[in-house]
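Numbering (our numbering), first residue to last: 212 to 321.
For glycine and all other residues, C-beta sits at the position ideal for the given N, C-alpha and C.
Note that this is a predicted model, so its numbers are computed, not measured.
#1: Applying the criterion that 16 or more other CB atoms from any shown protein chain within 10 Å of the CB defines a buried residue, is residue 315 buried or exposed?
#2: CB residue 311 to CB residue 294, shorter than 7 Å?
#3: Pull up the DSSP beta-bridge partners for residue 181, would you.
#4: Does DSSP put residue 318 in a helix, a strand or coil?
#5: Cβ atoms of residue 269 and residue 257: under 7 Å apart, would you say?
#6: In this structure, how does DSSP classify residue 258 when only helix, strand and coil are distinguished?
#7: At which residues does the alpha helix (DSSP H) containing residue 280 begin and terminate?
#8: Which residues in the same chain as residue 261 place their Cβ atom closer than 6 Å to its Cβ, once the five residues preceding and following it in sequence are excluded?
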């Protein structure tokens with residue numbers, strides 16, 4: 212049976228998740244802008260080139276550090292409760308490795 216997604220596509224999706232997690236530290240809410248704090252630009256590489264978040268025709272969810280603290284997200288695993296269509300769980304073989312799925316696509320241990 213042919214696989215639905217190639218390893219390259221899986222790697223790209225996992226990289227997008229990583230990028231989202233890293234850029235989620237940047238404050239992007241309007242409330243922060245009104246307080247006079249500096250907003251950082253979010254760069255998305257989902258189409259294999261750097262683009263501004265405003266130029267990408269892809270749904271991206273971003274959270275600032277203050278919002279994560281306010282929602283009580285102490286660990287990346289708790290993003291399951293906050294981010295739609297994203298599942299982050301501990302791998303079967305070890306507790307030190309995470310397995311990420313975006314819209315059901317991810318890499319599972321053999």
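So, to answer that:
#1: By the 10 Å Cβ count, residue 315 comes out exposed.
#2: Cβ distance not < 7 Å, so residue 311 and residue 294 don't count as in contact.
#3: It is not possible to answer for residue 181, since the shown part of the chain is limited to 212 through 321.
#4: Residue 318 falls in the coil class under three-state DSSP.
#5: Yes, Cβ-Cβ distance for residue 257 and residue 269 is below 7 Å.
#6: DSSP places residue 258 in coil when its eight states are reduced to three.
#7: Counting along the chain, the unbroken alpha helix (DSSP H) around residue 280 starts and ends at 276-281.
#8: Around residue 261: 254.
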